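Written below as structure tokens is the structure these notes are about.
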Amino acid sequence: MCTFDPTGRTFVKLKATRRRQRNLTTYTLRHRLEEGQASSWSRRLKFFMCCTRAQDTQSDAYSEVASLFAEFFRDLDIVPSDIIAGLVLLRQRQRSNRGAILDQANNDILAFLSGMPVTRNTKYLDLKNSTEMGMYKEVCYYMLFALAAYGWPMYLMRKPACGLCRLASSCHCTSGSGSRLSQTVTVEEDNCCGCNVLAIRRHFLDRELKQVHVVYTSWHDAVYETPFFVAVDHGKKKVVISIRGTLSPKDALTDLTGDSERLPVEEQHGNWLGHKVRMHSPS
């Protein structure tokens, strides 16, 4: 499948004008090219996101992402099919280069793990060390909170055999056992059966984590607004806020809004930057 960019004609004119060193005409064509590319990227994004319900914030996101793409690819006369083909070829090139490195006789690299070279001097996590083992267990423990934030889809994926039956037995649509839960948890915009908040509770109960009390959940899914939940861990005496990662097309659009913003840290030891939208999504 091939796609064509209507701004290609302006791109060719801009290249020809640059060779003739016409500064004023170059500026005019540059401005026209940037506007045309931003408009083209905006139409493409709306086409790919045609199944999502349009909102004001979503329209702003289209414009922001389109401007970002137009700025990034401004000196390249390419279309989305070129980008996809380039990514596929780049992946094949990376695999070929790694294979060539491993086949070298005098090579010290034993393997590649997630793209990183592994050598005889590579340091691994020492689980025999009590300190590192404690940190490892703590990471695994809080990973449960991160997985629970994905609601019922993640629960069913992790328990394909019995997950649906367990949710159905706790759902207030089929039984009265869910009424007690609705009185103790503040729920915003869950589905009619409350499947997401029930999946969170089942997620912890299946692990015998009865000391975790979910107090607030928000399943409002929109651009710049990500679902999350708040839980009180009485065992560790912690309040945990778990924010869902990328799951829906709106989350993907949020991720593409890739401007950076300075992190509001109290002790300034440098210019720390973070993903602009991810910084504002929890608030």
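Mapping of the sequence shown onto this note's numbering: residues 1 to 283, in sequence order.
From the three backbone atoms N, C-alpha and C, an ideal C-beta is built for every residue, glycine too.
Nothing here was measured: the structure is a model prediction, and the numbers come from that model.
From which residue to which residue does the alpha helix (DSSP H) around residue i run?
i, result
"Val310", "The shown model of the chain, from 1 to 283, leaves out residue 310, and the question about it has no answer."
"Leu156", "Gly151 to Arg158"
"Leu164", "Gly163 to Ser170"
Below 8 Å between beta carbons: does that hold for residue i and residue j?
i, j, result
"Ser242", "Phe228", "yes"
"Leu209", "Leu167", "no"
"Ser260", "Lys276", "yes"
"Arg145", "Ala231", "According to the sequence displayed, residue 145 carries Phe and not Arg. Yes, they are a contact pair."
"His203", "Ala161", "no"
"Ala290", "Ala61", "For the chain, the structure presents residues 1 to 283; residue 290 sits outside this window and is missing."
"Asp233", "Val223", "no"
"Val65", "Leu45", "yes"
"Thr34", "Arg74", "Residue 34 is actually Glu in this sequence, not Thr. Taking 8 Å as the Cβ cut-off, Glu34 and Arg74 qualify as a contacting pair."
"Thr119", "Asp108", "yes"
"Arg98", "Phe112", "yes"
Classify residue i as buried or exposed, calling it buried when 16 or more other Cβ atoms lie within 10 Å of its own Cβ.
i, result
"Ile200", "buried"
"His220", "exposed"
"Gln104", "exposed"
"Asp311", "As shown, the chain starts at 1 and ends at 283. That puts residue 311 outside it, with no answer to give."
"Ser177", "Note that Ser177 scores 47 on pLDDT, short of 50, meaning its location in the model is unreliable; the coordinates nonetheless yield the value given after this. Counting Cβ neighbours within 10 Å, Ser177 comes out exposed, since fewer than 16 surround it."
"Thr254", "buried"
"Gln183", "Residue confidence is low: Gln183 scores 48 on pLDDT, short of 50, so the model does not pin down where it sits. No coordinate-derived value is stated."
"Lys128", "exposed"
"Cys192", "exposed"
"Asn196", "buried"
"Asn271", "exposed"
"Gly151", "buried"
"Val265", "exposed"
"Ser130", "exposed"
"Met154", "buried"
"Ser170", "buried"
"Ser40", "buried"
"Lys137", "exposed"
"Arg95", "exposed"
"Lys250", "buried"
"Gly163", "buried"
"Gly235", "exposed"
"Gly115", "exposed"
"Gly194", "buried"
"Arg244", "buried"
Kindly give me the distance between the Cβ atoms of residue i and residue j, rounded to whole angstroms, as I take these residues to be in contact under 8 Å.
i, j, result
"Thr217", "Glu188", "7 Å"
"Val212", "Val185", "Wrong, their Cβ atoms sit about 12 Å apart, outside the cutoff."
"Leu263", "Gly274", "5 Å"
"Ser81", "Ser63", "About 23 Å separates the two Cβ atoms, so there is no contact after all."
Need the endpoints of the beta strand (DSSP E) that residue i sits in, please.
i, result
"Leu263", "Note, Leu263: premise wrong, no beta strand (DSSP E); not H, not E."
"Val187", "Thr186 to Glu188"
"Leu273", "Leu273 to His275"
Threshold first: 4 residues or longer. Then list the alpha helix (DSSP H) segments lying entirely within the segment 214-260, N to C.
Within the segment 214-260, the complete alpha helix (DSSP H) runs of at least 4 residues fall at 249-256.
What beta strand (DSSP E) runs, 3 residues minimum, are completely inside the segment 103-147?
Whole beta strand (DSSP E) segments, 3+ residues: 109-113 and 116-119.
In chain order, what are the residue ranges of uninterrupted alpha helix (DSSP H) at least 4 long that sit wholly in the segment 61-100?
Considered as a whole, the segment 61-100 harbours no complete run of any alpha helix (DSSP H) with no fewer than 4 residues.
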